[in-house]
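Participant:
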Amino acid sequence: MMKYIEKVGNIKVYAEKNAERDYTITFINCTDIVVQEVYFTNDIQFAIDDLFLKAFDIYTEEYIFLCIQGAEQLTKNTYRIGEKDYFCRIDDTRFFKHFCKSADEFITDKNGMRIIDR
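6 is the number of the first residue of the sequence shown in the working numbering; add one for each residue after it.
1) Going by C-alpha distance, which of 82, 21 and 86 is nearest residue 41?
2) Are residue 96 and residue 14 touching if we call contact CB-CB under 8 Å?
3) Could you give the uninterrupted runs of the beta strand (DSSP E) lying entirely in the stretch 71-104, keeping only those of 3 residues or more?
4) Where residue 126 and residue 43 are concerned, what is the direct C-alpha to C-alpha distance, given to the nearest angstrom?
5) Kindly list the residues whose CB is nearer than 6 Å to the CB of residue 60, restricted to its own chain and excluding five residues on each side of it in sequence; keep chain order.
6) Take residue 123 and list the residues in its own chain whose beta-carbon comes closer than 7 Å to its own, dropping the five residues that flank it on each side.
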């Protein structure tokens, strides 16, 4: 039976224990399965983090801090590597989306308000 773990943006994360150290991680958007993969681990959180990284270019703050050289924290919700490399927090989750474009292209909402400093 699948167990609900968390919601990141519009993706709901589920985990199902198949056997000892054998989990199926499933990402669902509405009623569609977006990604599903089996992990042989005891650490479900590691499996979820890894699948987000591989499937969607989404990182945890810990990963950015430890593995990405030269990451500069601009705000609580934003990191920058270069002029066109940004990581922005997804809602109030622990995940950050990577953007490879000028900040002017993604830091405003549909009303033209700045969202990078929220």
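Ideal Cβ positions, reconstructed from N, Cα and C, are used throughout, including at glycine.
Facilitator: Result, derived from the coordinates:
1) 21
2) yes
3) 77-80, 83-87, 90-94 and 100-104
4) Because the chain in this structure spans residues 6 to 123, residue 126 falls outside the shown range and cannot be described.
5) 40
6) Confidence in residue 123 is poor, its pLDDT being 41 and thus under 50, which makes the residue's placement unreliable; the coordinate value appears in the next sentence. So the list reads 82, once near-sequence residues are dropped.
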